[in-house]
Amino acid sequence: MSSRQPKGHYKKLLWFKQPFPDNYTDEATFLDHLQRNPRLQPYEFWSLMSDATVIVQHLASVIIFCCCFIAIIHGRVSPVAVVGWASMCTVLAWVLWDHWMGQEFKTVANVPLTPTSETDEVVPQASQALSPRAKQRLATAKSAILIYAALLGLSPILKSLTRSTTSDSIWAISAWLLMMNVAFFDYSAGTDAQLPASISTNSAMMASAVLASRLPSTTHVFSLTLFSIEVFGLFPIFRRQLRARSPWGHLTLTMALVTCAWGSLFVTLTGNGRATFIAGAILGGILTFLSMGVCSWWLIGLQKYKNEIHGPWDPARPIIRRHWD
């Protein structure tokens with residue numbers, strides 16, 4: 001085969017015959033359309049700090065749950081008091097969430113409905129006894145009653161669930177399950193309030209079940225299990241809604257969770273009272289802020305090593321017309 005280049009200008013077209021072999025590569029124009037990082041969006045420091053609050057909130061929730069369990073099993077606090085305060089916060093969060101849902105229903109109701117044809121008319125819904133918002137409230141109440149009744153019936157079973165298992169095995173299993181909860185949690189920041197990942201939620205529920213089996217009475221088991229449902233099942237949904245609707249509320253909640261988590265952790269480790277809680281909250285808050293800042297700058301520094309190459313050798317992307325004339 002001759003090494004001499006064929007005459008003519010090479011075109012990357014297949015619908016007409018060219019004086020070039022099928023595997024020909026035009027070295028003169030091959031890299032003309034090379035692009036490096038065409039869709040790169042540089043990180044911003046405060047944007048990364050805001051995204052990190054989602055991780056901080058969940059870690060703080062896990063720490064608070066563990067500290068509450070340790071305080072309950074050692075008799076420092078009453079399980080009824082823990083679940084009582086948690087239930088009160090859950091009710092307040094539900095009231096705020098119901099207010100947000102009411103605003104959405106009003107927005108939808110204000111949208112004018114026009115029939116698409118002469119026979120397609122808007123059917124009046126006067127025959128419906130309950131509004132959509134009332135139906136949603138009724139469904140929420142039914143779910144709460146069902147969970148409450150189920151826990152009352154399952155508490156004696158959960159108490160004897162791991163009777164033949166040593167405590168060391170229980171601590172190891174629960175630690176691994178809580179680490180799975182942290183690892184598989186859905187940290188995405190969408191505008192819609194999606195449910196957390198099922199693996200994360202199920203692992204947290206399993207951890208609370210095996211931990212509750214170490215408690216002395218069915219009241220303790222019921223309280224800890226209900227508390228875990230509120231922390232790992234309902235609280236993440238509220239946090240998503242709060243971040244989507246109120247950035248300042250999201251920031252305030254983050255500061256409150258960090259304060260409670262670090263203060264409770266210091267009290268649990270030292271066994272002291274209010275002064276230790278305040279000192280732990282201050283030191284922990286400073287450490288958390290510094291950690292978030294260092295990790296954010298680290299990610300910004302790593303972005304300069306990103307090297308995504310696009311060129312004419314990549315598969316072509318079809319252009320789909322969405323609006324027809």
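In UniProt numbering, the protein residues as written are 1 to 325.
Glycine is no exception: its CB is placed at the ideal position from the N, C-alpha and C atoms.
Here the structure is a predicted model, which is why all the values come from computation and not from measurement.
When DSSP states are grouped into helix, strand and coil, R317 belongs to the coil group. For I63, the enclosing alpha helix (DSSP H) stretches over residues F45 to I73.
Residues of the same chain with a CB within less than 8 Å of the CB of V80, apart from the 5 flanking positions on each side, are T219 and S223 in chain order. M179 is positioned such that its CB atom lies no closer than 8 Å to that of Q136. Inter-residue distance for L138 and E230 is about 19 Å (C-alpha atoms, whole angstroms).
Taking one beta carbon from each stretch, the region 33–42 and the region 300–309 have 3 or more pairs nearer than 8 Å; the two touch.
Beta-bridge analysis with DSSP links R239 to no other residue.
Around the beta-carbon of F16, fewer than 16 other beta-carbon atoms lie within 10 Å, marking it exposed. The region 57–72 and the region 261–272 touch, with no fewer than 3 CB-CB distances between them shorter than 8 Å. Taken atom to atom, the span from the alpha-carbon of T90 to that of F185 is near 20 Å.
Around the beta carbon of P315, fewer than 16 other beta carbons sit within 10 angstroms, so the residue counts as exposed.
The beta carbon of A86 sits closer than 6 Å to the beta carbons of F227 and E230 from its chain, once the five residues preceding and following it are set aside; these are given in chain order.
For W46, the closest of G293, I319, W298 and A93 by C-alpha to C-alpha distance is G293. The DSSP-derived three-state label of R76 is coil.
Three or more beta-carbon pairs drawn from the region 200–214 and the region 152–171 are found closer than 8 Å, and the two stretches are therefore classed as touching.
If you draw a straight line from the Cα of A175 to the Cα of R214, it is about 14 Å long. Residue state for H33 is assigned as coil, using DSSP reduced to three classes. When DSSP reads this structure, I309 sits in a beta bridge with R36. Looking at the backbone, the Cα of S291 and that of M255 are separated by about 14 Å. Taking the Cβ atoms as the reference, L48 lies roughly 6 Å from L299, within the contact range of under 8 Å.
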